[in-house]
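The next block holds one structure in the form of structure tokens; read it before the comments.
There are 2 protein chains.
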Amino acid sequence: MLTSSQQQLLRVIGQSGPLSRTVLAASMGLSKAAMSGIARDLISLGVLRETETIYGQGRPSILLDLHPEGAFFVGISLLEDPAPLVLSDFNGNIIARQTMPLSRDPDAIAEMIADTLPKLLAEREDADRKLSGLGVALSGFVDEKQANCVKSTLLGWQDVPLAGIIRQKTGIDTFIENDAKAVAVSEKLFGSARDVQNFSVVSFDDGIGCAHFVGGKLYRGNHGGAGEIAHCTIEPNGSPCRCGKRGCLDTVASLKAIKEMAKAEGLACHSLNDLETEASIGNAAAIRILHRAGSALGLAIAHLIQFNDPGLILITHVEGRFDGLLGTVMRQAAEANVLPRYAGQTPIRTHRVDGDVWARGAASIAAHNFLIGPTPY
Amino acid sequence: MLTSSQQQLLRVIGQSGPLSRTVLAASMGLSKAAMSGIARDLISLGVLRETETIYGQGRPSILLDLHPEGAFFVGISLLEDPAPLVLSDFNGNIIARQTMPLSRDPDAIAEMIADTLPKLLAEREDADRKLSGLGVALSGFVDEKQANCVKSTLLGWQDVPLAGIIRQKTGIDTFIENDAKAVAVSEKLFGSARDVQNFSVVSFDDGIGCAHFVGGKLYRGNHGGAGEIAHCTIEPNGSPCRCGKRGCLDTVASLKAIKEMAKAEGLACHSLNDLETEASIGNAAAIRILHRAGSALGLAIAHLIQFNDPGLILITHVEGRFDGLLGTVMRQAAEANVLPRYAGQTPIRTHRVDGDVWARGAASIAAHNFLIGPTPY
DNA sequence: GCAGCTTTGTTCATTTTTTGAACTTATCTG
DNA sequence: CAGATAAGTTCAAAAAATGAACAAAGCTGC
């Protein structure tokens with residue numbers, strides 16, 4: 005077990021990226037002397053390592069970073085069938101993959117995980133000993149302890165204490181999380197938002213998800229519902245949404261909605277790329293659909309900026325491109341709907357992610373809890 | 005100077021309200037033995053005191069709370085002329101009041117404050133010794149160190165290091181903050197949101213302001229712009245706003261906008277109450293205006309809930325009532341535009357505040373920094 | 001090429017803080 | 001009124017952090 009200063013050090017690095025001993029000491033409010041010992045212990049434990057050397061005036065400083073192989077995490081996505089399981093290191097590198105059949109029965113899931121784990125861990129000699137957590141990504145709402153699934157339409161669940169069941173069956177520290185939040189955490193720990201303290205990730209897929217980081221920590225909201233932008237009203241009195249309201253962002257801008265609109269217009273487009281291609285050669289219907297979706301997404305992002313003033317908006321997408329009409333209109337709409345003095349102040353980046361996002365995201369949830377955990381005051 | 009454990013204890017109580025020694029020890033990760041000593045020291049320093057006794061099984065626990073007279077703060081509002089200065093205790097009680105002429109020259113302001121301070125402090129014997137900070141509330145944007153005013157249209161400022169100037173002239177720890185954020189902090193420390201960790205305050209006045217608390221801490225945003233809901237687009241292609249965009253919330257729902265719409269409709273209403281009265285006796289124009297404003301405000305609040313899932317929305321207002329048509333429509337619109345499963349989950353409270361809000365809010369900014377300060381990891 | 005400067009990181013005796021375990025205190029329960 | 005229960009205290013022992021002096025490693029300017 006780590007001491008509280010050791011945990012604090014990992015937390016700082018987890019939130020701010022690699023730092024030198026002197027900087028760490030300053031930002032933790034400790035003396036250089038204390039820092040020296042703490043770092044030595046963590047390095048010899050194999051959790052920390054020295055990376056880059058920064059030259060300047062005086063003795064160069066050596067950055068300390070998490071050792072990629074200092075801890076391993078298992079991530080499982082319940083968004084696909086078969087459900088992928090991955091073994092990830094501290095850098096988000098996927099070391100091993102397995103799959104298991106998806107079930108809606110929590111006990112069966114836990115059983116399956118327990119059965120599949122040995123095969124997953126077998127691929128790396130020390131993975132078993134250094135396994136530090138297990139994360140599960142699912143579609144739905146999760147409570148603040150990241151232990152119970154309060155509601156999942158996809159899985160047909162209501163108040164399922166999944167984390168506890170898995171923890172009992174496997175003996176591993178387990179946390180569950182909403183899919184979009186898992187993606188955001190993986191961008192923070194492993195991706196392109198490592199050194200940003202406040203940002204929002206918009207995950208663009210069949211549905212639209214979103215999650216916020218505030219002060220280097222995932223902000224889940226009071227009922228775990230922070231970031232549910234898919235059902236914010238973007239077209240008052242617009243089309244009815246499956247949620248029961250009208251004009252939700254989800255009805256105009258999700259990949260699913262875009263495809264459905266294309267189908268309704270009689271376009272033979274099976275992907276976003278097809279539609280972009282049609283638009284680029286002047287197909288009016290394609291242009292109309294992409295314009296509508298882009299404007300809606302841009303307006304929602306503008307609201308995000310106005311409401312929360314994040315340091316970065318990161319749009320992750322599996323399919324399609326974001327450099328076409330959709331992306332252009334989205335950016336224009338976002339710029340046009342923020343306070344003019346803020347326009348251009350908030351970078352909007354897009355990031356194409358691979359098919360491992362959800363499983364890797366799940367693993368990152370375990371890593372986030374290991375590193376940052378419930379913030380001690 | 006306080007030790008870091010003592011500061012941590014104050015931070016915990018500042019964020020969570022009065023707690024017993026045992027609970028404090030658990031939430032700080034310390035032993036009861038350590039807690040005992042820390043509490044004893046802070047009590048004898050006059051910063052902490054025992055309040056309520058909670059009876060249960062076993063020995064009753066005694067709640068520890070900040071001693072109202074353990075520290076004093078000065079708050080100054082630059083939103084009015086003459087500018088009010090108040091001396092506040094740890095409970096937000098105003099112990100003394102002064103005013104000074106408002107100036108747009110930072111040096112003149114600092115000079116004025118330095119001149120007025122002795123008069124303010126003279127009213128309480130130990131205020132001078134226990135003075136722990138000075139806060140300034142102003143209309144505009146403030147940097148993350150709460151030291152520089154990046155931009156204030158009202159004061160005609162751009163990059164004015166006001167806190168430093170005042171600190172130099174008075175020798176007191178000084179922080180400046182945007183008016184809406186100051187109100188939110190005062191609701192957290194002194195008002196009705198003491199024990200809520202995540203909430204948003206919407207200040208309804210001539211303009212509309214908003215600020216968020218996340219994890220018991222003011223969330224300022226990356227450029228200090230979190231909460232700027234006044235200029236979110238609520239009526240696409242609506243009326244032009246002074247910010248340069250169209251259809252901002254500010255153009256339909258602020259007190260100023262409501263009054264202007266009433267005037268444009270030829271109504272002789274000089275206050276929100278007058279307009280509510282007209283509406284209640286069936287005046288169609290009054291009803292239309294209040295309905296439009298209420299819908300807009302409700303939609304913006306719905307977005308706030310969808311985006312951030314706060315535990316509470318607190319609407320503060322100086323003038324008018326919120327139990328009439330405006331309030332009713334606002335609540336209906338808010339409910340109608342959140343995910344149905346969330347409807348009714350987020351309490352929306354209104355809170356009428358007195359004329360001291362801004363100055364008290366300014367004082368609370370100093371108190372918030374004293375208590376919670378820049379979070380050590 | 002070398003003396004001096006600057007800044008990082010280490011060492012170790014001393015001081016400060018925290019712990020564990022036993023104990024006291026205060027109330028509830030039957 | 002005797003037990004049960006939980007809060008808070010005490011104190012010697014252990015752990016952690018500090019300060020000051022120092023070693024290390026590279027720049028700077030002659």
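Going line by line, the protein sequences match chains A and B.
Going by the working numbering, the first sequence opens with residue 5, and the numbers climb by one from there.
Going by the working numbering, the second sequence opens with residue 5, and the numbers climb by one from there.
From the three backbone atoms N, C-alpha and C, an ideal C-beta is built for every residue, glycine too.
Exercise for the section: Tell me the start and end of each unbroken beta strand (DSSP E) in the region 116-181 of chain A that is at least 3 residues and wholly inside, in chain order. Expected result: Listed in chain order, the complete beta strand (DSSP E) runs (minimum 3 residues) inside the region 116-181 of chain A are 135-142, 153-156, 161-164.
Handout entry: Residue environment, A/GLY175, which counts as buried when at least 16 other CB atoms sit within 10 Å
Key = Of the residues assessed, A/GLY175 falls on the exposed side of the cut-off, its CB having fewer than 16 other CB atoms within 10 angstroms.
Handout entry: Whole-angstrom distance between B/ALA131 and A/HIS372, CA atom to CA atom
Key = Near 45 Å, if we compare the C-alpha coordinates of B/ALA131 and A/HIS372.
Practice task
Mind the definition here: the region 70-90 of chain B touches the region 98-110 of chain B only if three or more C-beta pairs lie below 8 Å; say whether that holds.
Solution key: Yes, the region 70-90 of chain B touches the region 98-110 of chain B.
Handout entry: Validate contact between the region 239-251 of chain A and the region 283-295 of chain A using beta carbons, cut 8 Å, 3 pairs
Key = Verdict: no, contact absent.
Handout entry: Residues bridged to B/TYR223 [DSSP beta-bridge criterion]
Key = DSSP, once it has assigned bridges, lists B/HIS216 as partnering B/TYR223.
Practice task
Return the CA-CA distance between B/GLU148 and B/GLY231, expressed in angstroms with no decimal places.
Solution key: Roughly 14 Å between the two C-alpha positions.
Handout entry: Distance between A/ILE17 and A/ALA37 (C-alpha atoms, nearest Å)
Key = For A/ALA37 and A/ILE17, the distance between alpha carbons rounds to 19 Å.
Practice task
Write down every uninterrupted run of the beta strand (DSSP E) in the region 298-342 of chain B whose length is 3 residues or greater and which is fully enclosed by it, in chain order.
Solution key: Qualifying beta strand (DSSP E) stretches, in chain order: 317-321.
Exercise for the section: Kindly say whether A/CYS273, judged by its beta-carbon, lies nearer than 9 Å to any beta-carbon of chain B. Expected result: Proximity of A/CYS273 to chain B, defined by a Cβ-Cβ separation below 9 Å, is not satisfied.
Exercise for the section: List the DSSP bridge partners of A/THR237. Expected result: Per the DSSP secondary-structure output, A/THR237 pairs in a beta bridge with A/CYS252.
Handout entry: Beta-bridge partners of A/GLY79, as assigned by DSSP
Key = Beta-bridge partners of A/GLY79 (DSSP): A/VAL90, A/GLY139.
Problem - Assigned secondary structure, B/PRO110 (DSSP; H/G/I helix, E/B strand, else coil) - result: In the structure shown, B/PRO110 sits in a helix (DSSP, three-state: H, G or I).
Exercise for the section: Could you pull out every residue in the same chain whose Cβ sits closer than 7 Å to the Cβ of B/ARG356, ignoring the five residues on either side in sequence? Expected result: Counting only residues of its own chain and dropping the five nearest sequence neighbours on each side, B/ARG356 has a CB closer than 7 Å to the CB of HIS321.
Handout entry: B/GLY144 vs B/SER156 beta-carbon contact at 9 Å
Key = Taking 9 Å as the Cβ cut-off, B/GLY144 and B/SER156 qualify as a contacting pair.
Exercise for the section: Grab me the residues of A/GLY348's own chain with a C-beta within less than 8 Å of its C-beta, minus the 5 sequence neighbours each way, in chain order. Expected result: Once the five neighbours on either side are set aside, the close Cβ partners of A/GLY348 are GLU339.
Handout entry: Assigned exposure category for A/PRO314 - 16 Cβ within 10 Å defines buried
Key = Buried: at least 16 other Cβ atoms inside 10 Å.
Problem - CA-to-CA distance, A/VAL189 to B/ASN95, given in whole angstroms - result: Approximately 38 Å between the Cα atoms of the pair.
Exercise for the section: Return the Cβ separation of B/GLU54 and B/LEU68 in integer angstroms, given the expectation that the two are a contact with Cβ distance under 8 Å. Expected result: Rounded, the Cβ-Cβ distance is 6 Å, consistent with contact.
Practice task
Can you pull the chain B residues whose beta carbon is under 8 Å from the beta carbon of A/ILE99, in chain order?
Solution key: None at all; the shortest Cβ gap to chain B is about 29 Å.
Handout entry: Minimum C-alpha distance to B/ARG198 - residue among B/SER368, B/THR26, B/THR7
Key = Of the candidates B/SER368, B/THR26, B/THR7, the one whose C-alpha sits nearest the C-alpha of B/ARG198 is B/SER368.
Practice task
Indicate whether at least one CB of chain B lies closer than 9 Å to the CB of A/LEU308.
Solution key: Cβ-Cβ to chain B under 9 Å: yes for A/LEU308.
Practice task
Output yes or no for whether 9 Å exceeds the beta carbon distance between A/ARG25 and A/ALA43.
Solution key: Yes, these two residues count as a Cβ contact at 9 Å.
Practice task
Could you pull the start and end residues of the alpha helix (DSSP H) that A/ILE47 belongs to?
Solution key: Counting along the chain, the alpha helix (DSSP H) containing A/ILE47 begins and ends at 36-49.
Handout entry: Expected contact under 8 Å - CB spacing of B/ASP254 and B/GLY211 to nearest Å
Key = At roughly 6 Å, the Cβ-Cβ gap stays under 8 Å, so B/ASP254 and B/GLY211 are in contact.
Handout entry: B/SER65, enclosing alpha helix (DSSP H) - first and last residue
Key = If you look at B/SER65, you'll find it isn't in any alpha helix (DSSP H); it sits in the beta strand (DSSP E) that goes 65-70.
Practice task
Starting from the Cα of B/LEU343, find the closest Cα among B/PHE311, B/MET334, B/TRP362, B/ASP183 and give me that residue.
Solution key: Comparing alpha-carbon positions, the option among B/PHE311, B/MET334, B/TRP362, B/ASP183 lying closest to B/LEU343 turns out to be B/PHE311.
Practice task
Would you list the one or two residues that DSSP bridges to A/GLU54?
Solution key: A/LEU68.
Exercise for the section: Give a yes or no on whether the C-beta atoms belonging to B/GLY79 and B/VAL146 are separated by under 9 Å. Expected result: It is not a contact, given that the beta carbons lie outside the stated cut-off.
Handout entry: Contact under 9 Å by Cβ, A/LYS173 with A/GLU264
Key = Remark: C-beta atoms of A/LYS173 and A/GLU264 do not approach each other more closely than 9 Å.
Problem - Any chain B beta carbon closer than 9 Å to A/GLU231 - result: Just to set this straight, residue 231 of chain A is Gly in the shown sequence, not Glu. For A/GLY231, the answer is yes, since a Cβ of chain B falls inside 9 Å of its Cβ.
Problem - Cβ-Cβ distance between B/GLN336 and B/GLY286 below 9 Å - result: Pairing B/GLN336 with B/GLY286 gives a Cβ-Cβ distance that is not under 9 Å.
Practice task
Quick one: residues in its chain with C-beta nearer than 6 Å to the C-beta of A/PRO351, no 5 flanking neighbours on either side, listed in chain order?
Solution key: Only LEU316 meet the Cβ criterion.
Exercise for the section: Kindly indicate which three-state DSSP category A/ILE285 falls into: helix, strand or coil? Expected result: In the structure shown, A/ILE285 sits in coil (DSSP, three-state: anything other than H, G, I, E or B).
Handout entry: Span separating the alpha-carbon of A/GLU73 from that of B/THR332
Key = Their backbone Cα atoms lie some 58 Å apart in a straight line.
Exercise for the section: Report the rounded CA-to-CA distance for B/PHE76 versus B/SER9, giving the unit in angstroms. Expected result: B/PHE76 and B/SER9 have their C-alpha atoms roughly 21 Å apart.
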